[in-house]
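Per our numbering, the very first residue in the sequence shown carries number 21; after that it's consecutive. Cβ coordinates follow ideal geometry from the N, Cα and C atoms, glycine included.
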Amino acid sequence: DLVRFKSSTEEGWVSLASYKERMPADQKSIYYITGGKEETLKASPLLAAYRKRGLEVLIMSDDIDDLVVGSIGTYQEIPLKAINKSGAVDDLKEEGEKEGKASKEEKALVKKIKKALGDRVKDVVASTRLTDAPAVVVVDENDPTVQMQQLLKAMGQADFEEAKPILEVNVDDPMVQKIAASEDKEYTEDLSSVLLDQALLAEGVMIKDPVAFTKKLHNLLSR
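What follows is the structure, given as C-alpha cells:
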C-alpha cells in the first residue's frame with residue numbers, strides 16, 4: 021500500500037486499500053486511466069460513463085504508471101483495469117448496462133468509418149458508453165496504450181510492433197451523423213480522419229500528421 025494515485029472522486033492521493041473500501045458491493049474491478057497530464061485525464065470522455073455510475077477511477081499521469089500498474093495486476097484478488105482498453109467496458113455491461121443489438125444503420129456507419137480510416141485503426145465500434153463526446157480511442161485489451169507506445173519510442177525502444185487504436189464512435193453525435201448521411205467520399209474521409217485525430221488529441225496523444233489534420237479541418241469548416 022505504499023503506492024498512491026490521484027482519483028476521479030477524491031481529493032489528494034489515495035491508496036488501493038482506500039479505493040477498495042469505497043467500492044460498491046457489485047463492482048468487480050479497480051478502474052484506472054493512464055497517459056497524459058492529470059488535467060487531460062480528468063477531462064477524458066471515457067470518465068463520463070464511470071462518473072454516471074458513481075464509479076471511482078484512479079488517475080495515473082506519471083510516465084511510469086503504465087509499467088507500475090502492469091506489474092501489480094491485481095490487488096487482493098481484484099483485477100486492475102484500464103478504462104482506455106477495450107475490455108473494461110464489459111464490466112459496465114455486467115454492472116447493469118445491457119448491450120442492445122446494433123441496427124443495420126449502425127453497422128453500415130461503423131463499416132463506412134472503418135473504410136475511410138483504412139489502416140490507421142485496428143477497428144471501429146459503436147460505443148456503448150459515450151454520451152457527450154463524438155468518439156474516443158482505446159486499445160485492444162492485450163495491447164499497450166497509445167501513451168505507453170509513445171513512451172517506449174521516446175526511450176528508444178523502436179523494435180516493438182505498433183498497436184493501432186480502436187475508435188469508439190457515438191452514433192448519436194451530430195458529427196458522426198454527418199458521416200452517416202454523407203455520400204461524398206472525400207468529405208466522409210476528411211470527417212472520419214478529423215474524428216479520429218480529435219479523439220487522439222482529447223487523450224493527450226500527439227497526432228502523427230498535424231499539417232494534414234489542419235488542412236482537413238479547414239476544408240470541413242470552409243464547406
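In the displayed model, glutamate 209 falls within a helix according to three-state DSSP.
Nearest to arginine 71 by C-alpha distance, out of Met80, Tyr52, Ser242, Val89, is Tyr52.
If you look at aspartate 143, you'll find it in the beta strand (DSSP E) that goes 143-146.
Nearest Cα to aspartate 86 within the set Leu216, Val144, Thr165: Thr165.
Relative to lysine 142, the option among Ile133, Glu206, Ser64 whose CA is nearest is Ile133.
The three-state reading of DSSP puts methionine 226 in coil, since its state is none of H, G, I, E or B. Alanine 68 and alanine 222 have their C-alpha atoms spaced approximately 13 angstroms apart. The DSSP assignment places complete alpha helix (DSSP H) segments of no fewer than 4 residues inside the stretch 24-82 at 36-42, 58-62, 66-72, in order along the chain.
Taking the CA atoms as reference points, serine 81 sits about 9 angstroms from phenylalanine 25. Counting of Cβ neighbours within 10 angstroms places leucine 215 among the buried residues, the total reaching 16 or more.
Membership of alanine 102 in the beta strand (DSSP E) is indicated by the continuous run 98-102.
Membership of leucine 87 in any beta strand (DSSP E) is not indicated; the residue belongs instead to the alpha helix (DSSP H) covering 85-92. If you check the CB distance, leucine 100 and valine 88 do not come in under 7 angstroms. With contacts defined as CB atoms closer than 7 angstroms, leucine 129 and alanine 200 qualify as a contacting pair. 7 angstroms or more divides the Cβ of valine 189 from the Cβ of lysine 105. DSSP, reduced to helix, strand and coil, places valine 191 outside both helices and strands of the structure shown, so it counts as coil. Burial state of glycine 74 is exposed, judged by a 10 Å Cβ sphere holding fewer than 16 other Cβ atoms.
With 16 or more neighbouring CB atoms inside 10 Å of its own CB, serine 49 falls in the buried class.
The Cβ-Cβ distance between glutamate 126 and alanine 155 does not fall below 7 angstroms.
The Cβ-Cβ distance between leucine 78 and serine 27 falls below 7 angstroms. Under DSSP, no beta-bridge partner is assigned to lysine 173.
Taking aspartate 83 as the centre and dropping the five residues before and after it, the same chain places the C-beta of Leu171 closer than 7 angstroms to its C-beta, in chain order.
Around the beta carbon of threonine 94, a 10 Å sphere encloses fewer than 16 other beta carbons of the protein chains shown; the residue is thus reported as exposed.
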